[in-house]
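Below is one structure, written out as structure tokens; the observations come after it.
4 protein chains.
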Amino acid sequence: MVIVIQCADKVGLVATIAGLLQGQNLNIVSMREHVDAIQNRFFARIEISKPVDANTLENQLKAALPEDAQVIVNPNPVKRIIVLATKEYHCLSDILIRNHFNTLGAEVLCVIANHATLQDICQRFDMPFHLISHEGITKEAFEAELDQLMQQYQVDYIVLAKFMRILSPSLVEKYPLKIINIHHSFLPAFIGANPYRQAYERGVKLIGATAHFVTNQLDEGPIIAQQIIPVNHSFTSKDMVKAGKEIETSVLANALQLVFDDKVLVYQNKTVVFE
Amino acid sequence: MVIVIQCADKVGLVATIAGLLQGQNLNIVSMREHVDAIQNRFFARIEISKPVDANTLENQLKAALPEDAQVIVNPNPVKRIIVLATKEYHCLSDILIRNHFNTLGAEVLCVIANHATLQDICQRFDMPFHLISHEGITKEAFEAELDQLMQQYQVDYIVLAKFMRILSPSLVEKYPLKIINIHHSFLPAFIGANPYRQAYERGVKLIGATAHFVTNQLDEGPIIAQQIIPVNHSFTSKDMVKAGKEIETSVLANALQLVFDDKVLVYQNKTVVFE
Amino acid sequence: MVIVIQCADKVGLVATIAGLLQGQNLNIVSMREHVDAIQNRFFARIEISKPVDANTLENQLKAALPEDAQVIVNPNPVKRIIVLATKEYHCLSDILIRNHFNTLGAEVLCVIANHATLQDICQRFDMPFHLISHEGITKEAFEAELDQLMQQYQVDYIVLAKFMRILSPSLVEKYPLKIINIHHSFLPAFIGANPYRQAYERGVKLIGATAHFVTNQLDEGPIIAQQIIPVNHSFTSKDMVKAGKEIETSVLANALQLVFDDKVLVYQNKTVVFE
Amino acid sequence: MVIVIQCADKVGLVATIAGLLQGQNLNIVSMREHVDAIQNRFFARIEISKPVDANTLENQLKAALPEDAQVIVNPNPVKRIIVLATKEYHCLSDILIRNHFNTLGAEVLCVIANHATLQDICQRFDMPFHLISHEGITKEAFEAELDQLMQQYQVDYIVLAKFMRILSPSLVEKYPLKIINIHHSFLPAFIGANPYRQAYERGVKLIGATAHFVTNQLDEGPIIAQQIIPVNHSFTSKDMVKAGKEIETSVLANALQLVFDDKVLVYQNKTVVFE
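Dropping the structure here:
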């Protein structure tokens, strides 16, 4: 069972937490702790061996910790997620395969897309697919429809698997730290559109991809994971896109695994990742 | 013996070059060729087994190739270089060590610095050290002195090994594609000052370094090599600087080796690197 | 159009080849060449821009090159392959996805497995699936059945995507340099069974995977591609298996792309890979 | 101040330790903990912000923990080390540079070599250099002389920086977990002599290096760090040696930093590395 905690730092937090667990004869199988000395912030992720009543322990911990403490005991071990996509298959397919074989650490409830391209692959996995076209309607109308649909599901996370629409602040605000995006560059390089074209024109020797939580600043949310691959002069812009897709798939899979394992804590636009 | 060629592309260039070499009974030990189809540009690096008269072969190749052809036969195998530094020891020391043991592929003629900090380490290697302080004088005066000193040596390359002064366009123009800089970030991310602070504040999961030729656009010259290392939430800004120094040393060493081996060709702000 | 050549090395091979192509007004878009000086062996991969009659050019090149020359002009651009699997889904699924979206560089004709586990995923992609159980029959009988089935297809390559049966020399000999295997370790470390257990017990800090052609020496065939990922003390043997699956999928995909793009030449148990 | 602990695992260890520290009003700045569930072993590394009397705290912790507990409070922050070398300069020079600029995390007391080759570089850094030739004397005599010399220094660690003599079990036993070696391969691949020749002949696509503690099994001691670099068909055996030297220097530097920062705990031939 997992326990995730963050609060203002002070002397004795580990003793308080460990003492409380020991008092219930709970063995700590694994404990990761981090103090951000500049922000004066304490972060911890603890695994205990025996199941306990989550609500009770959560309340006990909150009572023992500083007032601002965020405590989650036994977060949903299999997250409920929705995937948003457009036309590109690589990230979505990888998620569908892992979902199908129960190795995703999450259950994909449905896929929503603004194009019909990926309907077929979803159907092959018996995955509910909702088409919401953005064409011929306002952004507000599009997002209202999208939000209404998403509200029907009780979701832990929304994964933007190459979803090519920028969400409005008003929609993003409804899902704080619940929307995960894969950005096709090594942020903060090449923010915005056509990063591979930018990378090609700049003549870079590495290209990357970044998985991050979505906030209201475009491509500026807390970074979860980043990876790169070498490229060289022989890569056309198209070759970079192709190589980029491999790394996008890989880094999104890695980030989702970390998030679904409750190893990612967020504070002040940065993540603590207890790998 | 190495031959480096670049020119406008057209049908039969390889045949022309290879035929000319065969006519002199020269065996091609290694040949790397690249055509930039968008720029319509041909690049080649050829190693032949027997020594020949460089001037003659150079003229023969130029006569046989398109008018704009740049041909270098048997470039100086041991480059003559000057290293510019400020206070940080890591890149300079690595260069001094390799120079001392004759594995740099170049001969360091002298070190010039705007602080006295690194004088001692240079003296330990019997390396001429020139101090040109930038304090109390104008940038023009500083650079005039620097240039005058550099002109006394016949150099192939000038290496900025953590030299913390930005050179004026007028000085840079005198040494086209001869000045190599190590930039402490994964360009084009974090252009300019304090990249590690920027990286820390952005919460990136990788930091990098970039070796590039210096042109008049700050941090915008042709990239030779880039590398990254993973970082995480436990890294302070200072830890990132420390990790960054390792990668700076490594990427500069790698870039210098490529340049000194005549494996780097430049065209239109991009490099072709025949690794 | 691609041309692949290997032969004994001698002076003037590049001139001969390039001259022959120029004589037909064929522009070399890309040329990679390698001479193994120890083996005295010449390898080349050439891309030309215009389509020509492959047979004619192949014969012309053979006539012009040393007697032992192996020349392939315009190899089948979409390879015909069979995938052999057992129970593990990760490599097979990745291949099925790429095949489905026509980005594999090959066409999967069918999947053959010695367990029924993966039948469902094949059916979801309308992929012919043949079950040949190895239980209750001799190895000879099992392989006879397997061979008979494979003979019905005209295949370029057979991919062992976590196929957990060791093939007999007599069967391997029938498909020289046509069988590609993914081995779950960084060869030559941990040859044989249970490499992850071996890696765990040895306390290594990196684990790897190797894609190689199959020859009659177990795990000793020519290596096409290798990759590694870092592990640490917190990885159980099971965690290593999980991490290993990611790298197995990735390295097999990478190796297949190289082979299907005709970038891999083999000589004396080693590969020349023109990446 | 650093505290390093390992002992048999049981319920409440973290509470015991953290409670004891809290009782003295010591804040835990950083805590890394690991339980090896198979070996039933607990490992911890704790950083506290205030200095305390090390002996007292060590005794208090030992009294509170299981009987077999190994507790080190405030290990020597600057380790005392001796470096053993032969002829190759790359690892030794890197250590000398870091030592000279006080960034090694250790103080090099002297260098001992069985050849005079590296005497000059040591003298340039005013580093005591002892030549003990192995020629013309028995291994016993050689090692007796070596041991006698090393005994004159009170060392924390002995670093074999490309020391090309295999130490006898009887000598190794005198320095348990105090001798660190850099092995020129990705162990356990290519154990023994000429790993680069072996790698070349096997046609591997990656080569590596391994830093490990020396035990009486050749190349079988606990691994501290490993790294790899890609190689390809164009690498001769000599090129692999050259590339290998870069990685050897890097991995040894990395391992030493981890050891000198007291981040490496050893149990049963494996390391726990709290990076």
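Residue numbers (this note's numbering), protein chains in the order written: chain A, 1 to 275; chain B, 276 to 550; chain C, 551 to 825; chain D, 826 to 1100.
For every residue, glycine included, the Cβ atom is placed at its ideal position computed from N, Cα and C.
Per the DSSP secondary-structure output, residue 306 of chain B pairs in a beta bridge with B/321. The closest CA to that of residue 557 of chain C, considering only C/591, C/584, C/573, C/809, is found on C/591. The Cβ neighbour count for residue 489 of chain B, taken over all protein chains shown within 10 Å, is at least 16; the residue is labelled buried.
About 6 Å separates the Cβ atoms of residue 133 of chain A and residue 114 of chain A, confirming a contact at the 8 Å cut-off. Put simply, the backbone Cα of residue 982 of chain D is about 9 Å away from that of residue 1084 of chain D. Of the candidates B/306, B/406, B/402, the residue whose Cα lies closest to the Cα of residue 563 of chain C is B/306.
When C-beta distances to chain A are compared with 9 Å, the residues of the stretch 850 to 863 of chain D below that value are 850, 851, 852, 853, 854, 855, 856, 857, 858, 859, 860, 862, in chain order.
The beta-carbon separation of residue 466 of chain B and residue 435 of chain B, rounded to 16 Å, does not stay under the 8 Å limit for a contact. Between residue 206 of chain A and residue 224 of chain A, the gap from beta carbon to beta carbon reaches 8 Å or more. Taking CB atoms only, residue 165 of chain A has no neighbour in chain C less than 8 Å away. Closest in alpha carbon position to residue 1093 of chain D, among C/589, C/724, C/751, C/745, is C/751. Judged by beta-carbon spacing, residue 486 of chain B lies within the 8 Å limit of residue 526 of chain B, meaning their Cβ atoms are closer than that value.
Using a Cβ-Cβ cut-off of 8 Å, residue 196 of chain A is close to nothing in chain C; its nearest Cβ partner there is about 16 Å away. Closer than 8 Å at the C-beta level to chain B, one finds these residues of the stretch 177 to 188 of chain A: 186, 187, 188. Taking C-beta separations shorter than 6 Å and ignoring five residues to either side along the sequence, the partners of residue 821 of chain C in its chain run 772, 774, 814, following chain order. Fewer than three Cβ pairs drawn from the stretch 288 to 298 of chain B and the stretch 239 to 253 of chain A lie within less than 8 Å of each other, which leaves the two stretches out of contact. Residue 662 of chain C is outside the set of residues whose beta carbon lies under 8 Å from a beta carbon in chain D.
When the five nearest sequence neighbours on each side are left out, the beta carbons in the same chain lying within less than 7 Å of the beta carbon of residue 635 of chain C are those of 642, 661, 663, 668, 711, 712, 713, in order along the chain. Nearest CB-CB separation between residue 125 of chain A and chain C: below the 8 Å threshold. Among the residues facing chain C, residue 97 of chain A is included, as its CB has a counterpart in that chain under 8 Å away. Listed along the chain, the chain A residues whose CB falls inside 7 Å of the CB of residue 643 of chain C are 97. Taking the Cβ atoms as the reference, residue 155 of chain A lies roughly 5 Å from residue 82 of chain A, within the contact range of under 8 Å.
Nearest in C-alpha terms to residue 262 of chain A, of all of A/79, A/120, A/220, is A/79. Between the C-alpha atoms of residue 658 of chain C and residue 745 of chain C there is a straight-line separation of about 29 Å.
Per DSSP, reduced to three states, the secondary structure at residue 1076 of chain D is helical. In the DSSP assignment, residue 5 of chain A forms a beta bridge with A/44, A/71. Using a Cβ distance threshold of 8 Å, residue 992 of chain D and residue 965 of chain D do not count as a contacting pair.
Among the residues facing chain D, residue 404 of chain B is not included, as its CB has no counterpart in that chain under 8 Å away. Separation of residue 950 of chain D and residue 926 of chain D (C-alpha to C-alpha, rounded to the nearest whole angstrom) is 11 Å. For residue 478 of chain B, the C-beta contacts it makes with chain A under 8 Å involve 222, 223, 269, 270, 271, in order along the chain. When the five nearest sequence neighbours on each side are left out, the beta carbons in the same chain lying within less than 8 Å of the beta carbon of residue 147 of chain A are those of 171, 174, in order along the chain.
By the rule that beta-carbons nearer than 8 Å mark a contact, residue 569 of chain C touches chain B. By a beta-carbon distance limit of 8 Å, residue 598 of chain C contacts residue 578 of chain C. Their separation comes to about 6 Å. For residue 924 of chain D, the enclosing alpha helix (DSSP H) covers residues 915 to 925.
Using a 10 angstroms sphere on the CB of residue 116 of chain A, the tally of other CB atoms stays under 16, which defines it as exposed. For residue 12 of chain A, the nearest CB of chain D lies under 8 Å from its own CB, placing it at the interface with that chain.
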